[in-house]
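Trainee: Got a structure for you, questions after.
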Amino acid sequence: MATKTNKIENNLEKATKVKNKWCLCDENQKKTVFKFNEGYIKFISENKTERECASSAVLEAEKHGFINLAEAIKSKKKLSAGDKVYAVNQKKSVVLFVLGTEKMENGLNILGAHIDSPRLDLKSTPLYEKNGFCLMDTHYYGGIKNYQWVTLPLAMHGVVVKKDGKVININIGEKEGDPVFYISDLLPHLRKENGKDEVSGEQLDIVVGNMSYKKDKESEVVIENLKKILKTYDIEEDDFVSAEIEIVPAGRARELGFDRSMIVGYGHDDRSCAYTSLQAILQCEKPKRTAVCLLVDKEEIGSNGATGMKSRFFENIVAEVMSLAGQYNELSLKRTLTNSNMISSDVTAGYDPSWAASYNIQTDAFLACGLSFNKYTGHRGKSGANDASPEYIAKLRKILEDNNIFFQFTEMGKVDQGGGGTIAYILAEYGMNVIDAGIPLLSMHAPFEVASKLDIYHAYLFYKAFLKDMK
Ligand SMILES: [Zn+2]
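First residue of the sequence shown: 529, per my numbering; consecutive thereafter.
Pasting the structure below:
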């Protein structure tokens with residue numbers, strides 16, 4: 529045991545001495561980093577679903593002079609250099625463009641992040657009563673460790689769409705005085721008799737009520753009381769069939785540590801990259817190459833579906849923008865996509881001293897060491913990875929160094945330890961240059977994840993420089 533402890537301490541010492549970049553910041557720089565992160569903390573505290581992130585991105589974009597592409601198409605508006613447009617896909621993904629002075633055929637500079645996060649979704653017929661409790665049945669979304677989601681205050685976000693098309697927005701559990709929801713766990717006193725502590729997917733049902741209502745002389749039922757309460761929201765039990773309701777950890781993101789250098793919050797994956805990419809394009813003015821920011825849905829479950837990266841939405845929207853700019857034909861569209869450069873902005877695993885055995889200290893990302901580039905992701909012999917070319921990486925190194933950006937080139941964990949995927953390989957199918965670059969996290973996919981304020985700020989600095997300088 530002693531040897532193991534020493535090894536961890538040595539690793540920490542190495543990390544602190546060699547890599548941690550806070551010591552390179554003066555007080556003013558620290559202030560700038562903290563100020564930028566105030567906006568980020570607000571964003572992830574107030575936007576916990578892809579719909580909320582998408583509509584918040586649109587609001588911000590409009591404030592910064594972006595116009596709705598659908599309206600531009602309707603009014604046959606001509607687009608030219610410096611114009612800013614956005615398009616929304618089914619209220620769950622967004623793409624923003626700032627038109628460059630060069631022809632689009634020369635290629636786009638694209639930032640792509642995802643705005644869906646691991647969570648629990650309500651099933652289509654969720655409500656049931658069991659032994660005096662009313663519960664709602666869920667199906668988890670994305671890769672979660674089930675046991676992390678029990679005994680936490682949970683909030684309910686989403687929409688219920690009535691048969692007549694009326695949309696009821698649900699957001700319960702975030703405001704002071706709101707009720708929250710809860711998944712129970714077995715007390716330690718009873719554990720022995722029951723054997724293992726594992727939590728199954730079917731056990732992840734949320735407790736929503738315990739107050740009975742006397743239906744007739746014989747039966748006292750909780751579910752009837754619940755149905756009465758739902759009616760006050762204008763929701764009938766059948767309406768859950770046409771609903772999209774996500775169960776997420778309740779509460780705001782918070783500063784972490786005496787030094788407040790980190791943030792603990794829900795959905796750093798991948799809203800830390802989405803927010804920084806969005807801020808980068810909002811600040812982008814008349815770039816040479818057309819700048820693009822993609823905020824997509826469904827990454828956590830394989831990027832499928834109409835709002836995932838595999839949908840044709842992006843390609844179609846590029847065609848629409850080219851058409852309004854008077855630059856569209858099929859061959860030009862193909863050239864535009866092939867000649868593009870992309871940063872697939874997704875989080876990565878940060879080295880965790882408490883779980884040192886799963887990491888490779890030589891190659892893993894560290895918190896507070898800057899934006900983390902993964903030349904490839906994948907698992908077991910790089911399977912499924914996009915592998916960025918050295919020619920592309922060389923150009924990126926120049927941008928990083930010219931703009932004094934803190935960065936690290938890393939892998940995710942030990943070889944054969946596991947792995948992961950992003951949207952990188954999907955855009956790489958057009959033959960464009962793509963690399964993964966994102967923010968390292970502790971406890972990725974847990975209800976509350978941890979990120980460094982310094983890495984978040986330097987991600988923003990790099991994304992901004994990439995849109996401006998990448999050739
Ligand atoms: Zn993820």
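Cβ atoms here follow ideal geometry from the backbone N, Cα and C, with glycine treated the same way.
Name, in chain order, the residues that DSSP records as bridge partners for His685.
Mentor: Here the question's residue 685 lines up with position 157 in the sequence shown. In the DSSP output, where bridge partners are listed per residue, His685 has Asn699, Glu774.
Trainee: Would Arg799 and Ile984 be called neighbours here (beta carbons separated by less than 8 Å)?
Mentor: As a working note, residue 799 is residue 271 in the sequence shown. As a working note, residue 984 is residue 456 in the sequence shown. No, these two residues do not count as a Cβ contact at 8 Å.
Trainee: Could you check whether the Cβ of Asp798 sits closer than 7 Å to any heavy atom belonging to ligand 1?
Mentor: Numbered from 1 along the sequence shown, position 270 holds the residue referred to as residue 798. At least one heavy atom of ligand 1 is nearer than 7 Å to the Cβ of Asp798, so yes.
Trainee: Please work out which residues of its chain come closer than 7 Å, Cβ to Cβ, to Ile536, disregarding the five sequence neighbours upstream and downstream, and give them in chain order.
Mentor: To locate residue 536, count along the sequence shown from 1; it is residue 8. Residue placement at Ile536 is poorly supported in this model, since its pLDDT is 43, which falls under 50; the coordinates are not used for a value here.
Trainee: Using only the heavy atoms of ligand 1, determine whether one of them is closer than 7 Å to the beta carbon of His973.
Mentor: Position 445 of the sequence shown, counted from the start, is the residue given in the question as residue 973. Ligand 1 approaches His973 closely enough that one of its heavy atoms is under 7 Å from the residue's Cβ.
Trainee: Is any heavy atom of ligand 1 found at a distance shorter than 7 Å from the C-beta of Glu578?
Mentor: In the sequence shown, counting from the first residue as 1, residue 578 sits at position 50. No, Cβ of Glu578 sits at least 7 Å from all heavy atoms of ligand 1.
Trainee: Do Val824 and Ser583 have their C-beta atoms closer together than 8 Å?
Mentor: Here residue 824 refers to the residue found at position 296 when the sequence shown is read from its first residue. Here residue 583 refers to the residue found at position 55 when the sequence shown is read from its first residue. The Cβ atoms of Val824 and Ser583 do not sit closer than 8 Å to each other.
Trainee: Taking the runs of the alpha helix (DSSP H) that are 4 residues or longer, which of them lie wholly in the segment 921 to 971?
Mentor: Qualifying alpha helix (DSSP H) stretches, in chain order: 952 to 956.
Trainee: Anyone know if the C-beta pair for Ala598 and Ser873 falls short of 8 Å?
Mentor: The count along the sequence shown starts at 1 and reaches residue 598 at position 70. The count along the sequence shown starts at 1 and reaches residue 873 at position 345. No.
Trainee: For ligand 1, is there any heavy atom lying closer than 7 Å to the beta carbon of Glu828?
Mentor: Counting from one through the sequence shown, the residue named residue 828 turns up at place 300. Indeed, a heavy atom of ligand 1 lies less than 7 Å from the Cβ.
Trainee: Going by Cα to Cα distance, which pick from Leu650, Val626, Lys992, Ile757 is closest to Phe594?
Mentor: By one-based count along the sequence shown, residue 594 stands at place 66. Distances from the alpha-carbon of Phe594 to those of Leu650, Val626, Lys992, Ile757 put Val626 closest.
Trainee: Lys926 to Ala965, Cα distance in whole Å?
Mentor: Taking the sequence shown and counting its residues from 1, one reaches residue 926 at position 398. Taking the sequence shown and counting its residues from 1, one reaches residue 965 at position 437. About 15 Å.
Trainee: Look up Ile711 in the DSSP assignment and say whether it is helix, strand or coil.
Mentor: To locate residue 711, count along the sequence shown from 1; it is residue 183. Reduced to three states, the DSSP call for Ile711 is coil.
Trainee: Quick check on Met664: does DSSP put it in helix, strand or coil?
Mentor: Along the sequence shown, read from residue 1 onward, the residue named residue 664 stands at position 136. Reduced to three states, the DSSP call for Met664 is strand.
Trainee: Along the beta strand (DSSP E) that carries Val626, what are the first and last residues, could you check?
Mentor: Translated into the one-based positions of the sequence shown, residue 626 becomes position 98. Segment 621 to 626, the beta strand (DSSP E) holding Val626.
Trainee: My understanding is that Pro646 touches Gly670, with C-beta atoms under 8 Å, so please give their C-beta distance in whole angstroms.
Mentor: Walking along the sequence shown from the start, residue 646 turns up at place 118. Walking along the sequence shown from the start, residue 670 turns up at place 142. Yes, they are in contact, since the Cβ atoms of Pro646 and Gly670 sit about 3 Å apart, within 8 Å.
Trainee: Mind checking who Phe786 pairs with in its DSSP beta bridge?
Mentor: By 1-based counting over the sequence shown, the position of residue 786 is 258. Looking at the DSSP assignment, Phe786 forms no beta bridge with any residue, so it has no partner.
Trainee: What first and last residue would you give for the alpha helix (DSSP H) that runs through Thr804?
Mentor: In the sequence shown, the residue the question calls residue 804 occupies position 276. Taken as a continuous stretch (DSSP letters only), the alpha helix (DSSP H) holding Thr804 covers 796 to 810.
Trainee: Pick from Phe894, Tyr904, Tyr953: whose alpha carbon is nearest that of Pro968?
Mentor: As a position in the sequence shown, residue 968 is number 440, starting the count at 1. When each option's Cα is compared against that of Pro968, the closest is Phe894.
Trainee: Could you check what DSSP says for Asn867 in three-state terms: helix, strand or coil?
Mentor: One-based indexing of the sequence shown puts residue 867 at position 339. Here Asn867 sits in coil by DSSP.
Trainee: For the putative contact between Val776 and His685, defined by C-beta atoms under 8 Å, what is the C-beta separation to the nearest angstrom?
Mentor: Taking the first residue of the sequence shown as position 1, residue 776 is located at position 248. Taking the first residue of the sequence shown as position 1, residue 685 is located at position 157. Contact flag correct, Cβ pair sits at about 6 Å.
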